Amino acid sequence: MDGIIFGFFALSGVFFLSMVYNFISIQRPGMYPPKNILKKRATILGAGGLITFLIGILFWFAVS
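In terms of my numbering, the sequence shown opens at residue 47 and continues consecutively.
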């Protein structure tokens, strides 16, 4: 069960890092895809990171 919990925390970290990368990409001039798509993608990745983080915390409290 510890491996599953670690997997959720690792996946949430990947989502959050991807969100930060997309927010930084918005600042670059001439970046493709357009800024509105990058904002939407960053929002979805942030929401996914939050959900997987909360699932990891729930599993962590359920086990301990």
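Glycine included, C-beta positions come from ideal geometry on N, C-alpha and C. None of these values were measured; they are calculated from a predicted model.
Distance, residue j Cα to residue i Cα
{"i": "residue 75", "j": "residue 107", "result": "45 angstroms"}
{"i": "residue 94", "j": "residue 61", "result": "7 angstroms"}
{"i": "residue 65", "j": "residue 110", "result": "30 angstroms"}
{"i": "residue 90", "j": "residue 96", "result": "10 angstroms"}
Neighbourhood of residue i by C-beta, 6 angstroms cutoff - its chain only, sequence neighbours within 5 removed
{"i": "residue 99", "result": "58"}
{"i": "residue 84", "result": "68, 71 and 72"}
{"i": "residue 87", "result": "68"}
{"i": "residue 138", "result": "The chain is shown only over 47 to 110; residue 138 falls outside these bounds and no answer can be derived."}
Three-state secondary structure assigned by DSSP to residue i
{"i": "residue 59", "result": "helix"}
{"i": "residue 110", "result": "coil"}
{"i": "residue 78", "result": "coil"}
Cβ-based neighbour list, residue i, same chain, cut-off 8 angstroms, excluding 5 preceding and 5 following
{"i": "residue 92", "result": "61, 62 and 65"}
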